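Trainee:
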Amino acid sequence: MARQSASRAKSSASNAKKSTQGAKKAAPKFSKEQIQKFYYDMLLIRRFEEKAGQIYGMGLIGGFCHLYIGQEAVVVGMKSAITDDDAVITSYRDHGHMLACGMDPKGVMAELTGREGGYSKGKGGSMHMFSKEANFYGGHGIVGACVPLGTGLAFSQKYQGSKDITLCYMGDGTVNQGQVYESFNMAELWNLPVVYVIENNEYAMGTSVKRSSAQTELYKRGDSFNVPGEQVDGMDVFAVAAAGKKAVDYVRAGKGPYILEMKTYRYRGHSMSDPAKYRSKEEVNKKRAEHDPIDHLRQTMLDDKINTEDELKEIDREIKAIIADAVEFAQNSPEPQPEELYTDVLA
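Letter by letter, the sequence shown follows residues 1 to 347 of the UniProt record's numbering.
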């Protein structure tokens, strides 16, 4: 009976979804220091990804490369809601998640370029980087693979009696995968401490959500498992941080999993090899002009006199210098030795 009552309560919570507008209204006030960190972290990701795209075009990055430009508010806002001891796992559009978790841009850039100084010793590339020290568990190249793995991380946390939680990110293309729903079911049955973050950038690999999903309100995908969900403006770092805190508090209190659908948008193609002809330039330009998370936060900081124009320019110069150092480190780091092929292999 207790379990049935809990399920009914969670079902009621699931039905009381908050819209994007509601999340904004509920957003708490943030300190000057928090706002400045939001700006710094988002700009660091933006400049890193711009440089990654540039050196990919120069032939210095091989294999796949999926850029996060436009989606920075999601990972930065969510990171503010967790502790350094919480686990993070995602799919292959992952550079922003690494940087938000505190991984060194030098190590990330070196891995992108296949160098020994990279986080996976040059053997993983863009999609397969990990840092146990930062509690970042990948970077996974198979669509949907991160969801059962993230659920497993949460199971481990609960099994060991930890108060830590897992943030499990996925894209809108992932949510039509079967293992996602097996994971939702298990997480709810066992009250696992996991927040599933759906980064809905509208196009998956190149097909509109409207053409590929019968239910386009992706935060409702947990309804049949009594997993509550909420839709959030993923281009507004304040809305993300507020919704993230609410979801994390719910999960950390032992109430089970929670789903956040972040309505966001990527400005580049699915990967560097994607010309993105499935949408118009006018659509992309309009989205960027009206909803860019960094530009809007920058204007807020100027309007509220948190920083001056010159101070923000200095922050940009500082970040560009960090990215330049990362590229130099990557270029000077040697390629892995042939014998490295036989290390880190589980037989």
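Glycine residues also receive a C-beta, built at the ideal position from the N, C-alpha and C atoms.
Note that the structure is predicted; figures quoted are calculated from it, not measured.
Find the nearest neighbour of Asp172 within the set Lys287, Gln231, Glu335, judged by alpha-carbon distance.
Mentor: Here the closest residue by C-alpha is Gln231.
Trainee: On the three-state DSSP scale, how would you describe Ile198?
Mentor: Looking at Ile198 - three-state DSSP - the assignment turns out to be strand.
Trainee: What number of angstroms, rounded off, separates the C-alpha of Ala242 from the C-alpha of Ala187?
Mentor: Answer to the nearest angstrom: the Cα atoms are 23 Å apart.
Trainee: Which residue from Gly122, Met58, Lys79, Val88 puts its Cα closest to that of Glu339?
Mentor: Nearest option by C-alpha distance: Gly122.
Trainee: With the cut-off set at 7 Å, would you say Met205 and His291 are in Cβ contact?
Mentor: No.
Trainee: Answer yes or no: does any C-beta atom of chain C fall closer than 7 Å to that of Phe130?
Mentor: Chain labels in this structure do not include chain C; a single protein chain is all it has.
Trainee: Out of curiosity, what's the CA-to-CA distance linking Ile45 and Arg317?
Mentor: Going by the C-alpha atoms only, they are around 14 Å apart.
Trainee: Note down the Cα distance separating Lys24 from Lys246, rounded to an integer number of angstroms.
Mentor: Note on Lys24: pLDDT 41, under 50, position unreliable in the model; the coordinate value appears next. Spanning the two alpha carbons is a distance of roughly 13 Å.
Trainee: Just to confirm, are Thr216 and Ala87 a CB contact at a threshold of 7 Å?
Mentor: No; because the gap between Cβ atoms is not below 7 Å, this pair is not in contact.
Trainee: Tell me which same chain residues have a C-beta within less than 6 Å of the C-beta of Ser208, skipping the five on either side of it?
Mentor: Excluding sequence neighbours, Ser208 sits near nothing in its chain.
Trainee: Given a threshold of 16 other Cβ atoms within 10 Å of its Cβ, counted over all protein chains shown, does Arg211 qualify as buried or as exposed?
Mentor: The residue in question, Arg211, is exposed, as its Cβ has fewer than 16 Cβ neighbours within 10 Å.
Trainee: Per DSSP, what kind of secondary structure is Cys168 in: helix, strand or coil?
Mentor: Note: Cys168 maps to strand in three-state DSSP.
Trainee: Per DSSP, what kind of secondary structure is Ala26 in: helix, strand or coil?
Mentor: Residue placement at Ala26 is flagged as unreliable, the pLDDT there being 41, under the threshold of 50; the coordinate-derived value follows with that caveat. Here Ala26 sits in helix by DSSP.
Trainee: What residue from Asp249, Pro275, Tyr196, Ala330 has the CA that sits closest to Ala81's CA?
Mentor: Ranking the options by Cα distance to Ala81, first place goes to Asp249.
Trainee: Is there contact between the stretch 154-166 and the stretch 40-59, where contact requires at least three CB pairs shorter than 8 Å?
Mentor: Segments in contact, no.
Trainee: How about Pro257 and Leu192: do their beta carbons lie closer than 7 Å?
Mentor: Yes. Within cutoff.
Trainee: Could you compute how far the alpha carbon of Ser126 sits from the alpha carbon of Arg47?
Mentor: Approximately 16 Å, taken between the alpha carbons.
Trainee: Note down the Cα distance separating Val227 from Lys263, rounded to an integer number of angstroms.
Mentor: So the two alpha carbons sit approximately 19 Å from each other.
Trainee: Taking all protein chains shown into account, decide if Ser280 is buried (16 or more other Cβ within 10 angstroms of its Cβ) or exposed.
Mentor: When all chains shown are included, Ser280 counts as exposed.
Trainee: Could you spell out where the beta strand (DSSP E) holding Glu50 opens and where it closes?
Mentor: No beta strand (DSSP E) contains Glu50, which is instead part of the alpha helix (DSSP H) from 32-57.
Trainee: Restricting to Cα atoms, I'd like to know which of Phe184, Tyr169, Val194, Ser183 is closest to Asn200.
Mentor: Closest by alpha carbon: Tyr169.
Trainee: Please tell me whether, using a cut-off of 6 Å, the distance from the CB of Ser224 to the nearest non-hydrogen atom of the ligand GDP is below it.
Mentor: With respect to small molecules bound, the structure shown includes none, and the ligand GDP cannot be examined in it.
Trainee: Report yes or no: do the stretch 104-117 and the stretch 323-335 share at least 3 C-beta pairs separated by less than 8 Å?
Mentor: Taking 8 Å as the limit for Cβ pairs, the verdict is that the stretch 323-335 does touch the stretch 104-117.
Trainee: With a 10 Å radius around its C-beta and 16 neighbouring C-beta atoms as the bar for buried, classify Leu346 as buried or exposed.
Mentor: Flag for Leu346 reads exposed.
Trainee: Ignoring anything shorter than 4 residues, give me the alpha helix (DSSP H) runs that lie fully in the stretch 118-172, in order along the chain.
Mentor: Whole alpha helix (DSSP H) segments, 4+ residues: 146-159.
Trainee: I'd like the span of the alpha helix (DSSP H) that includes Glu230, first residue to last.
Mentor: Premise fails: Glu230 lies in the beta strand (DSSP E), 229-233, not in any alpha helix (DSSP H).
Trainee: By how many angstroms is the C-alpha of Glu182 removed from the C-alpha of Trp190?
Mentor: Distance between the alpha carbons of Trp190 and Glu182: 12 Å.
Trainee: Just verifying my parser: in three-state terms, what is the DSSP assignment at Met103?
Mentor: Three-state DSSP puts Met103 in coil, outside helix and strand.
Trainee: Determine the closest residue to Tyr39 out of Leu112, Gln337, Gly141, Glu314, with distance taken between C-alpha atoms.
Mentor: Among Leu112, Gln337, Gly141, Glu314, the Cα nearest to that of Tyr39 is on Glu314.
Trainee: What beta strand (DSSP E) runs, 3 residues minimum, are completely inside the stretch 253-328?
Mentor: Here the runs fully enclosed are 258-263.
Trainee: So, are the CB atoms of His140 and Ser213 less than 7 Å apart?
Mentor: Cβ atoms of His140 and Ser213: not closer than 7 Å.
Trainee: Alpha carbons only, please: which of Ser224, Lys286, Lys37, Tyr219 is nearest the one belonging to Gly77?
Mentor: Here the closest residue by C-alpha is Lys37.
Trainee: On the three-state DSSP scale, how would you describe Ala87?
Mentor: Strand.
Trainee: Expressed to the nearest angstrom, what Euclidean distance is found between the alpha-carbon atoms of residue 348 and Phe238?
Mentor: The chain is shown only over 1 to 347; residue 348 falls outside these bounds and no answer can be derived.
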